[in-house]
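Visitor: The structure under discussion is supplied below as structure tokens; questions concerning it will follow.
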Amino acid sequence: MPREADVNLSSKAFVTSALAQGLRVDGRSPLELRELAISFGRELGNVTIRLGKTTVLAHTSISLAAPSPERPYEGTLAVHTELSPMASPFHDQIGRASDEEVLLTRMVDKAIRRSGAVDREALCIVAGEKVWALTLTLHFLTDDGNLLDAAVLASILSLKHFRRPDVTVVGSEVTVHTEDERVPVPLAIHYTPICITFAFFESIPQPILDPTHLETQLATSFLNLALTPQRELLVVSKTGGSPLEGDEVMCCVGWAVERVREVNERIEKALKEDLQKRVLEVR
Amino acid sequence: MSRVEILNDGGLRADGRRPLELRSLTLQLDTIPEADGSASVSHGLTSVSAAVYGPREPKNRGTVHHDRAVINVEVGVAAWSEAGGRRRGRGDRRIAELAASIKSTFEPVIMTHLYPRSQVDIYIQVLEQDGGLLQASINATTLALISAGVPLLDYVCACSSGCHNTTTLLDLNNLEESDLPSCTVAVLPASFKVTLVSMETRLHVDRFEEIFRGALRAGRVIRGEMEAVVKGRTRGLVQDMGRVRAAGGAGAVGTGEGAKAVAGEDVEMDDSL
Chain U
1 MPREADVNLS SKAFVTSALA QGLRVDGRSP LELRELAISF GRELGNVTIR
51 LGKTTVLAHT SISLAAPSPE RPYEGTLAVH TELSPMASPF HDQIGRASDE
101 EVLLTRMVDK AIRRSGAVDR EALCIVAGEK VWALTLTLHF LTDDGNLLDA
151 AVLASILSLK HFRRPDVTVV GSEVTVHTED ERVPVPLAIH YTPICITFAF
201 FESIPQPILD PTHLETQLAT SFLNLALTPQ RELLVVSKTG GSPLEGDEVM
251 CCVGWAVERV REVNERIEKA LKEDLQKRVL EVR
Chain F
284 MSRVEILNDG GLRADGRRPL ELRSLTLQLD TIPEADGSAS VSHGLTSVSA
334 AVYGPREPKN RGTVHHDRAV INVEVGVAAW SEAGGRRRGR GDRRIAELAA
384 SIKSTFEPVI MTHLYPRSQV DIYIQVLEQD GGLLQASINA TTLALISAGV
434 PLLDYVCACS SGCHNTTTLL DLNNLEESDL PSCTVAVLPA SFKVTLVSME
484 TRLHVDRFEE IFRGALRAGR VIRGEMEAVV KGRTRGLVQD MGRVRAAGGA
534 GAVGTGEGAK AVAGEDVEMD DSL
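Line by line, the protein sequences are chains U and F.
Letter 140 of the first sequence, counting from 1, is numbered 140 in the numbering used here, and no numbers are missing.
Letter 144 of the second sequence, counting from 1, is numbered 427 in the numbering used here, and no numbers are missing.
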């Protein structure tokens, strides 16, 4: 398994001295996101997010299943993430997942599934017998830093884009209608989780948002925040790295609130545009 | 099924505590004699034991760093620790995340540059769970590292906090953790800086600030308790040293002058530090 080489000293000196003056290597300001490109696939729920060069593909599928005995009134949502060498040749650890992968998977899981963004009770068809089982699969295509933000964006867009088949229940008889019979129904989503990652550098007071791969290697600590556009925090995660002041954390929360509002507007716009292009109605 | 109130009319919680009251804290050092360092921490009914081996020869030559020590954390959760007795393997995601969080919390605090090409192993065993697992694990690890004599920049003290309506609650038990939005904060008390913040529930930004600051202050209180335990242990060690030296001086076959000089010295502990 190849281990990534440390960043060479001249690159490190260049990046850190530029950051000390508030400049980033790719010309962004410290709190600016990279260019966000959203493209939808042919199938509903197939979304590719490009954040700069970082590319994540998400796709949602659904099937009928029996509910878990502990929760007979709820459908299920499973999130599958796999970090393969496609993203970067250094993500190749067969067997136990690397620390990075564990944290990435858990964060996506917490932000999308455990936060309750998708209404699982609305996925119930016949209580105790039949429910919808949603599967969200994430494919990491390119890793140029900040896979987490791109992954969460792709996930929530995929879920919002997806339409499930309509169902009629007569007694305990379930009829699943195909696309030709009835218009597919959107999922019930309470709120839109959007994740923002901050990177901190030693002896530089200003943190940066959405770090590239190079900046990620040089940063000394990270703060991941998942928020909704309604000013609610879903996940806060700062594990390790150099310690931060309490005020710095709250400052970042304030900046994240603004960014989340902007990103949310963009994704709503993209969803609306795509909806106009598609033919979902049956005449 | 009657629901237990989180906070009753008298302002008391389900277990009789006031909102900002911590659970009974038990801190013990050197609980495992074979390990280089060990500690056992209980917050109320949550009980965690940590053992530290190292710095020692690295087992895996591939992960050796030329200029610092490698920290390795393994967490084992006893099957009887949870209500319902669920057995969790090592690969369980929740446990892997706990281990990864603890490793990244302590990596910047342990002075790893003093031990290049070596390894520090931290083994954590969860004996009983009643909420506050992450906080107990972090506190136990801090004490175990101190017991092992591994140099640290500062104590790492962790506490959980939650929000019920607008009241901040500290040190949540299992019932409160599953019902309320909560966060765990690990702080370096001397500088009041934060090394770990973890929140997984939905909470408004303003409420979060309140519980965040509450947990920071609680970390300081826990530090006071930790310091008392560590100093008590050192005091015991100093007394034993004094006794050994006095006994050694009296029985030594040496010149009368040498024996006098040794007996005259008294090993004293500096409480001002």
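Glycine included, each C-beta is placed from N, C-alpha and C at the ideal position.
Tell me which residues share the same chain as U/P207 and place their Cβ nearer than 6 angstroms to its Cβ, disregarding the 5 neighbours each side in the sequence.
Guide: Hits under 6 angstroms: F198 and F200.
Visitor: When the cut-off is 9 angstroms and only beta carbons count, does U/D119 lie next to chain F?
Guide: no
Visitor: Take F/M284 and list the residues in its own chain whose beta-carbon comes closer than 8 angstroms to its own, dropping the five residues that flank it on each side.
Guide: For F/M284, the predicted model reports a pLDDT of 41, less than 50, meaning its position is unreliable; a value from the coordinates is still stated below. Excluding sequence neighbours, F/M284 sits near nothing in its chain.
Visitor: So what's F/A535 in DSSP terms, helix, strand or just coil?
Guide: Bear in mind that the predicted position of F/A535 carries a pLDDT of just 47, short of 50, making it unreliable; the figure below should be weighed with that in mind. In this structure, F/A535 counts as coil in the three-state DSSP scheme.
Visitor: Output yes if chain F places a C-beta closer than 9 angstroms to the C-beta of U/T212; else output no.
Guide: no
Visitor: From what residue to what residue does the alpha helix (DSSP H) around U/W255 run?
Guide: U/W255 -> alpha helix (DSSP H) spans G246 to K277.
Visitor: Using the C-alpha atoms, what's the distance from F/V521 back to F/E390?
Guide: 30 angstroms
Visitor: Relative to the C-alpha of U/M107, which candidate in U/V279, U/G241, U/I204 and U/C195 has its C-alpha closest?
Guide: U/C195
Visitor: Starting from U/R50 and walking both ways along the beta strand (DSSP E), at which residues does that stretch end?
Guide: N46 to L51
Visitor: Say whether the segment 394 to 413 of chain F touches the segment 323 to 330 of chain F, bearing in mind that this needs 3 or more beta-carbon pairs closer than 8 angstroms, one atom from each stretch.
Guide: yes
Visitor: Near U/L234, what residues of its chain come up, given a Cβ to Cβ distance below 7 angstroms and the 5 sequence neighbours on each side ignored?
Guide: In chain order, A111, S115, P193, A226, L227 and T228 place their CB closer than 7 angstroms to the CB of U/L234, counting only its own chain and leaving out the 5 sequence neighbours on each side.
Visitor: Nearest to F/I405 by CA position, among F/E493, F/G359, F/D523 and F/C466, is which residue?
Guide: F/G359
Visitor: Leaving aside the five residues before and after F/E493 along the sequence, list all residues of the same chain whose C-beta is less than 6 angstroms from its C-beta, in chain order.
Guide: T451
Visitor: On a Cα-Cα basis, can you pick out the residue from F/V513, F/R518, F/T517 and F/A498 that is closest to F/E304?
Guide: F/A498
Visitor: At 9 angstroms on the CB atoms, spell out the chain F contacts of U/E245, in chain order.
Guide: S474, F475, K476 and V477
Visitor: Bridge partners of U/F40, per DSSP?
Guide: U/V47
Visitor: Whose C-beta lies closer than 7 angstroms to the C-beta of F/A544 among residues of the same chain, with five residues either side of it excluded?
Guide: Model confidence at F/A544 stands at a pLDDT of 42, short of 50, so the residue's coordinates are unreliable; what they give is reported in the following sentence. Cβ neighbours of F/A544 beyond the five flanking positions: none.
Visitor: Give the residues of chain F in contact with U/T239, contact being defined as C-beta atoms less than 8 angstroms apart.
Guide: A383, S384, S387, T388, L479 and S481
Visitor: Please list, in chain order, the chain F residues whose beta carbon lies closer than 9 angstroms to that of U/R106.
Guide: R376, R377, A379, E380 and A383
Visitor: Residues of chain U with a CB under 9 angstroms from the CB of F/H487: which are they?
Guide: Residues of chain U with a Cβ closer than 9 angstroms to the Cβ of F/H487 are, in chain order, Q230, R231, E232 and L233.
Visitor: Let me know the alpha helix (DSSP H) ranges lying completely inside the segment 87 to 171 of chain U, each 4 residues or longer, listed in chain order.
Guide: 99 to 108 and 147 to 161
Visitor: Could you check whether U/S172 and U/E232 sit closer than 9 angstroms to each other, using their CB atoms as the reference points?
Guide: no
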